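K.L.:
Those letters in the sequence shown? Residues 3 to 469, per the working numbering, in order.
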Amino acid sequence: MWGSEPYWGLSYDWDPDWMLTERHKELRATLIDLCQQEMRDNAKRSDDELKFPRRNLELLGEHGFLALTVPEEYGGLGENHAAYSMVCETIARYGCASTAMCYVMHMGAVNAIMLRSTPALIDKYIRPLNSGKIGTLSYSDPETGSHFWYPISSGAERMKGDGEGGGGFRVRKKASWTTSAGFADFYVIQTTSPDFKGYDDLSVFVVDAEDAHAQPALWDALGLRGNQSGGLDVQGQIPGDQIVGPVGDGAESNDESVDPWFLLGSSSVWNGIAMGAIDIAKRHTTRKRHVDVGLRVCDYPTIQDYVGEAVIDSNAARVFALSVAEAFDRATDSNTRVLQPGTTARAEFLHWGWQLKFAAAKNVAHVVDKMLHACGGSGYKRDMELERYLRDAKAGWVMGPTNEVLRQFVGKSALLGFEVLDYWNQHVNERAIANETKKLDAKGKRALAEKLLAQAAEDEAKEPVAR
Ligand SMILES: Cc1cc2nc3c(=O)[nH]c(=O)nc-3n(C[C@H](O)[C@H](O)[C@H](O)COP(=O)(O)OP(=O)(O)OC[C@H]3O[C@@H](n4cnc5c(N)ncnc54)[C@H](O)[C@@H]3O)c2cc1C
Numbered sequence: 003m004w005g006s007e008p009y010w011g012l013s014y015d016w017d018p019d020w021m022l023t024e025r026h027k028e029l030r031a032t033l034i035d036l037c038q039q040e041m042r043d044n045a046k047r048s049d050d051e052l053k054f055p056r057r058n059l060e061l062l063g064e065h066g067f068l069a070l071t072v073p074e075e076y077g078g079l080g081e082n083h084a085a086y087s088m089v090c091e092t093i094a095r096y097g098c099a100s101t102a103m104c105y106v107m108h109m110g111a112v113n114a115i116m117l118r119s120t121p122a123l124i125d126k127y128i129r130p131l132n133s134g135k136i137g138t139l140s141y142s143d144p145e146t147g148s149h150f151w152y153p154i155s156s157g158a159e160r161m162k163g164d165g166e167g168g169g170g171f172r173v174r175k176k177a178s179w180t181t182s183a184g185f186a187d188f189y190v191i192q193t194t195s196p197d198f199k200g201y202d203d204l205s206v207f208v209v210d211a212e213d214a215h216a217q218p219a220l221w222d223a224l225g226l227r228g229n230q231s232g233g234l235d236v237q238g239q240i241p242g243d244q245i246v247g248p249v250g251d252g253a254e255s256n257d258e259s260v261d262p263w264f265l266l267g268s269s270s271v272w273n274g275i276a277m278g279a280i281d282i283a284k285r286h287t288t289r290k291r292h293v294d295v296g297l298r299v300c301d302y303p304t305i306q307d308y309v310g311e312a313v314i315d316s317n318a319a320r321v322f323a324l325s326v327a328e329a330f331d332r333a334t335d336s337n338t339r340v341l342q343p344g345t346t347a348r349a350e351f352l353h354w355g356w357q358l359k360f361a362a363a364k365n366v367a368h369v370v371d372k373m374l375h376a377c378g379g380s381g382y383k384r385d386m387e388l389e390r391y392l393r394d395a396k397a398g399w400v401m402g403p404t405n406e407v408l409r410q411f412v413g414k415s416a417l418l419g420f421e422v423l424d425y426w427n428q429h430v431n432e433r434a435i436a437n438e439t440k441k442l443d444a445k446g447k448r449a450l451a452e453k454l455l456a457q458a459a460e461d462e463a464k465e466p467v468a469r
């Protein structure tokens, strides 16, 4: 139902409901009501005015969704990965894609904290979630673009002494993109570790809004206009209990929590946008009539083909998302396992998350184009909402990890093994060196050798003297 009317889009017959529990379906019904009553109208406002969807996030908080995957003992709904996928998809499909993306980043921050939860972190950040507290992830770096696991413009130092600040950290970070920047109450960030020993020595911190500086007025983009993913500058002294996990836990936190939750949640958002665009196309093509031939637009086999292919491909991506969710659920006893550093569960399925995000983002970009074609010029106009879905969908491919990066990860590791991925640019490609130096004549080789010897001497001079 859509309010008091039957829903004008696709019915539940086209949802893979055998993969959801009765509780999931109840939660979905609540969300659809919220979308119908308020969230979808707010989506238009966010898009028109570049407005952060605070009211929509508050509504989610009032119904417990901001703590969806938090155990009940800490005030959450105690739900699992399948529920999370369903919630992200439902908000994007029936309500507001910007809200859905803010929600993904919020839950990413919440789950990064929960991976290494402490009583102090739970009291400060987790228990107040239902009062509307919003978190976000800030990982991207202006110097490394979509290689967001490589935070060059960042650092952390331990603060010595027992007095004020003693035992805490001085943290700095510049981020090029941060969803909800300037609006979130807390930011989970990754920096190089204190006593940095070289990449992959990264640490995770949670910083409060007063230490995170953003300029939301600068945000303007093609789609997801309410998600306010602007730059962020963190400069602050933070207490020692606001490090999330041990020093150096960053790479493991990424593989076990941040990436799995983000890849699943964002893919579910792309699937939701795809289904939402199909819903709009159904509404329009079943209502519009060509009087000359006495047919509705939906009566043309061409239009049926467009919709048939879009439903088949989108449902393949949705079943894929719920299947990856099931893998995470099985590995974590339905999101109840407490993992100590050094023990991983979701991380074993990370390459399935990469494949999922590629498939969902590729699909939605295609589906929104085809639904526009199916609706004709009417779909191009703003009042039908399809053009907003189209613009929102286009964020999928370019959002990190970008689809170019993902297909390379998958192809490279499928062909050569996971060890060659070399996230932090540490492994020397001897084949490339041999191939390039082969092209040099004797003089060129000598010049290169002299340059390298000079660099080696410089590096040695910087090394600590052995005692
Ligand atoms: C709407 C939106 C919201 C976002 N929100 C957040 C957020 O909340 N937090 C956050 O941390 N980040 C966020 N991001 C940033 C995102 O994660 C990426 O970092 C960003 O989209 C990359 O853009 P760029 O211009 O830096 O791309 P670049 O890295 O400059 O890439 C340019 C092109 O080069 C390609 N490319 C890059 N590296 C390779 C490679 N190794 N192999 C092949 N091709 C490559 C890319 O795929 C792309 O085609 C958001 C992005 C968007 C669009």
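All C-beta atoms, glycine included, are put in the ideal place defined by N, C-alpha and C.
Note that the coordinates shown come from a computational prediction; the quantities given were computed from them, not determined experimentally.
Which term fits K440, buried or exposed, when burial requires 16 or more other beta carbons within 10 angstroms of its beta carbon?
P.N.:
Here residue 440 refers to the residue found at position 438 when the sequence shown is read from its first residue. Looking at its Cβ environment, which holds fewer than 16 other Cβ atoms inside 10 Å, K440 is exposed.
K.L.:
Buried or exposed: where does V309 fall if 16 or more other Cβ atoms within 10 Å of its Cβ makes it buried?
P.N.:
For the purposes of this step, residue 309 is identified with residue 307 of the sequence shown, where counting begins at 1. When all chains shown are included, V309 counts as buried.
K.L.:
For H149, name the three-state secondary structure that DSSP assigns.
P.N.:
In the sequence shown, residue 149 corresponds to position 147, counting from 1. H149: coil per DSSP, three-state reduction.
K.L.:
Mind pulling the alpha helix (DSSP H) runs of 4 or more residues that sit fully within the segment 54-122?
P.N.:
Counting only runs of 4 or more, we get 56-64, 83-92 and 99-117.
K.L.:
Excluding the 5 residues preceding and the 5 following G381 in the sequence, name in chain order all residues of the same chain whose CB lies nearer than 6 Å to its CB.
P.N.:
The residue given as residue 381 occupies position 379 in the sequence shown. Excluding sequence neighbours, G381 sits near L374 and L388.
K.L.:
Please confirm whether A158 and T193 have their CB atoms less than 8 Å apart.
P.N.:
Walking along the sequence shown from the start, residue 158 turns up at place 156. Walking along the sequence shown from the start, residue 193 turns up at place 191. Yes. Within cutoff.
K.L.:
Would you check if there are 3 or more beta carbon pairs closer than 8 Å linking the segment 70-79 to the segment 38-46?
P.N.:
They do not touch, by the three-pair rule.
K.L.:
Helix, strand or coil for K383, going by three-state DSSP, please let me know.
P.N.:
As a working note, residue 383 is residue 381 in the sequence shown. Note: K383 maps to coil in three-state DSSP.
K.L.:
In three-state terms, what does DSSP make of I136?
P.N.:
Counting from 1 along the sequence shown, the entry for residue 136 is found at position 134. Here I136 sits in coil by DSSP.
K.L.:
Buried or exposed: where does P8 fall if 16 or more other Cβ atoms within 10 Å of its Cβ makes it buried?
P.N.:
Position 6 of the sequence shown, counted from the first residue, corresponds to residue 8. Exposed: under 16 other Cβ atoms inside 10 Å.
K.L.:
Put K176 into one of helix, strand or coil per three-state DSSP.
P.N.:
As a first step, residue 176 must be located in the sequence shown, where it is residue number 174. Here K176 sits in strand by DSSP.
K.L.:
Determine, using beta-carbon pairs with one atom in the segment 48-62 and one in the segment 222-232, whether at least three such pairs fall under 8 Å.
P.N.:
Flag = yes, the segment 48-62 and the segment 222-232 touch.
K.L.:
Let me check understanding here. Comparing Cα to Cα, which of I115, C98 and L234 lies closest to R47?
P.N.:
Numbered from its first residue, the sequence shown carries residue 47 at position 45. Of I115, C98 and L234, the residue nearest in Cα terms is C98.
K.L.:
Roughly how many whole angstroms lie between the Cα atoms of C37 and E350?
P.N.:
Here the question's residue 37 lines up with position 35 in the sequence shown. Here the question's residue 350 lines up with position 348 in the sequence shown. Approximately 35 Å between the Cα atoms of the pair.
K.L.:
Should the segment 357-366 be regarded as contacting the segment 397-416, the criterion being three or more beta carbon pairs within less than 8 Å?
P.N.:
They touch, by the three-pair rule.
K.L.:
Give the secondary structure of Y308 by DSSP, where H, G and I count as helix, E and B as strand, and everything else as coil.
P.N.:
By 1-based counting over the sequence shown, the position of residue 308 is 306. Helix at Y308.
K.L.:
Tell me the rounded alpha-carbon separation between I305 and S325.
P.N.:
Here the question's residue 305 lines up with position 303 in the sequence shown. Here the question's residue 325 lines up with position 323 in the sequence shown. Going from the Cα of I305 to the Cα of S325 covers about 30 Å.
K.L.:
Suppose only complete runs of 4+ residues qualify. What are the alpha helix (DSSP H) ranges in the segment 416-442, listed by chain order?
P.N.:
Runs of the alpha helix (DSSP H) inside the segment 416-442: 432-440.
K.L.:
When we look at the beta-carbon of T338 and count the other beta-carbons within 10 Å, is it buried (16 or more) or exposed?
P.N.:
Along the sequence shown, one-based indexing puts residue 338 at 336. T338 should be labelled exposed.
K.L.:
According to DSSP, simplified to helix, strand and coil, what is T287?
P.N.:
The residue labelled residue 287 in the question sits at position 285 within the sequence shown. Here T287 sits in helix by DSSP.
K.L.:
Going by beta carbon distance, what residues of the same chain come within less than 7 Å of Q239, once the five residues before and after it are set aside?
P.N.:
Walking along the sequence shown from the start, residue 239 turns up at place 237. Excluding sequence neighbours, Q239 sits near M161, G167, G170 and R172.
K.L.:
Going by the C-beta, is T101 closer than 7 Å to any heavy atom of ligand 1?
P.N.:
The residue given as residue 101 occupies position 99 in the sequence shown. No, the Cβ of T101 stays beyond 7 Å of every heavy atom of ligand 1.
K.L.:
Would F330 and L266 be called neighbours here (beta carbons separated by less than 8 Å)?
P.N.:
In the sequence shown, the residue the question calls residue 330 occupies position 328. In the sequence shown, the residue the question calls residue 266 occupies position 264. Yes, they are a contact pair.
K.L.:
Does DSSP classify W221 as helix, strand or coil?
P.N.:
Taking the sequence shown and counting its residues from 1, the one referred to as residue 221 is at position 219. It is coil, neither helix nor strand.
K.L.:
Taking three-plus beta-carbon pairs below 8 Å as touching, is the segment 309-320 in contact with the segment 278-290?
P.N.:
Output reads yes: the segment 278-290 touches the segment 309-320.
K.L.:
Candidates I435, S87 and L62: which alpha carbon is nearest L33's?
P.N.:
Numbered from its first residue, the sequence shown carries residue 33 at position 31. Closest option to L33, Cα to Cα, is L62.
K.L.:
Let's see if you can read the secondary structure: which residues bound the alpha helix (DSSP H) around E389?
P.N.:
Against the sequence shown, residue 389 aligns to sequence position 387. E389 -> alpha helix (DSSP H) spans L388 to A395.
K.L.:
What span of residues does the beta strand (DSSP E) with H216 cover, start to end?
P.N.:
Counted from its first residue, the sequence shown places residue 216 at position 214. In the sequence on display, residue 216 carries Ala and not His. Per DSSP, A216 belongs to no beta strand (DSSP E) and is neither H nor E.
K.L.:
Just reading off the beta strand (DSSP E) that I191 is part of, what are its end residues?
P.N.:
Your numbering for residue 191 matches position 189 in the sequence shown. Note, I191: beta strand (DSSP E), F188 to T194.
K.L.:
Mapping DSSP to helix, strand and coil, what is D261?
P.N.:
In the sequence shown, the residue the question calls residue 261 occupies position 259. Three-state result, D261: helix.
K.L.:
Would you grab the beta carbon distance between V112 and G137 for me? Rounded to a whole angstrom, and I think it's under 8 Å.
P.N.:
As a working mapping, residue 112 is identified with position 110 in the sequence shown. As a working mapping, residue 137 is identified with position 135 in the sequence shown. Yes, they are in contact, since the Cβ atoms of V112 and G137 sit about 6 Å apart, within 8 Å.
K.L.:
Going by beta carbon distance, what residues of the same chain come within less than 7 Å of T334, once the five residues before and after it are set aside?
P.N.:
Here the question's residue 334 lines up with position 332 in the sequence shown. For T334, where only same-chain residues beyond five positions count, the Cβ hits under 7 Å are A347 and R348.
K.L.:
Quick one: what does DSSP say A361 is sitting in, helix, strand or coil?
P.N.:
Position 359 of the sequence shown holds residue 361. Here A361 sits in helix by DSSP.
K.L.:
Beta carbon of W179: closer than 7 Å to some heavy atom of ligand 1?
P.N.:
Walking along the sequence shown from the start, residue 179 turns up at place 177. At least one heavy atom of ligand 1 is nearer than 7 Å to the Cβ of W179, so yes.
K.L.:
Would you list the one or two residues that DSSP bridges to V236?
P.N.:
As a working note, residue 236 is residue 234 in the sequence shown. According to DSSP, V236 bridges with K175 and A214.
K.L.:
Excluding sequence positions up to five away, which residues of its chain have a Cβ less than 7 Å from the Cβ of A186?
P.N.:
The residue you call residue 186 lines up with position 184 of the sequence shown. Result list for A186: I136, G137, T138 and A211, in chain order.
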